[in-house]
Every structure is written in C-alpha cells, then in structure tokens.
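First the structure, in the form of structure tokens, and then the observations on it.
Numbering (this note's numbering), first residue to last: 2 to 114.
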C-alpha cells in the first residue's frame with residue numbers, strides 16, 4: 002500500500018500540472034484566434050477603403066518599406082483582399098510599381114482639393 006501511494010501521489014500531481022498547462026494553452030489559442038479574426042476584419046475594411054482610392058494618390062504609411070515608411074504620390078492601381086498595387090513615374094520617366102500587403106499598411110491619408 003505504501004509503495005502504491007508513492008507512485009499515485011506524484012502521478013496525480015503531474016496530471017494536475019499538465020491539466021492546468023493545457024487549459025492555459027487553450028485560452029491563449031482562443032485569444033490568438035480572436036485577434037486574427039479582428040485583424041482580418043480590419044484588413045477587409047482597409048481593402049474596401051483602398052478600392053475607393055483607385056486612380057488617386059494617397060499618402061500611405063507602411064511597416065514593410067524599410068527606413069522610409071511613407072509612400073507619397075504613388076497612384077493606387079489595383080486592390081484585392083491582401084495586396085495593393087501602387088505605381089509612380091519618376092523624373093526620368095521610368096514607371097515604378099510596388100505591391101504592398103494590406104496588413105502592413107499603418108495609415109492612409111488622402112488630401113482632396
């Protein structure tokens with residue numbers, strides 16, 4: 002009986018610890034799913050807003066561009082659920098095109114005259 006208790010007590014303790022750990026993991030996963038759903042809904046809103054700007058030149062602040070986070074005077078050419086296609090003609094007459102993920106866009110500003 003004594004040997005049985007020495008085996009049963011540690012096993013009960015381990016099951017209890019793993020049970021707590023599993024419930025914490027489940028709660029973190031549920032929070033992550035909610036966060037991703039909110040983010041996806043936000044991307045749809047940005048996508049719809051950017052579709053209204055096709056043919057216009059807004060100022061876009063992005064996280065993916067590098068040190069220069071501002072895109073100024075870029076023409077919005079096309080938009081889908083994940084990407085924005087931007088185009089600009091430089092002083093030499095060369096046309097540059099960029100694709101930016103919508104989730105990387107921090108802010109959009111359009112000055113209308």
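Glycine is no exception: its CB is placed at the ideal position from the N, C-alpha and C atoms.
Here the alpha carbons of residue 38 and residue 32 stand approximately 10 Å from one another. Here the C-alpha atom of residue 24 lies approximately 17 Å from the C-alpha atom of residue 35. Counting only runs of 3+ residues, the beta strand (DSSP E) found wholly inside the segment 57-106 occupies 60-63, 76-80, 84-90, 96-102, in chain order. With fewer than three CB-CB distances shorter than 8 Å, the segment 5-16 does not count as touching the segment 38-57. In the assembly as shown, residue 101 is a buried residue. Its beta-carbon has 16 or more other beta-carbons within 10 Å. Take residue 55, set aside five residues on each side of it, and the residues of its chain with a beta-carbon closer than 8 Å to its own are 77, 78, 79, 80, in chain order.
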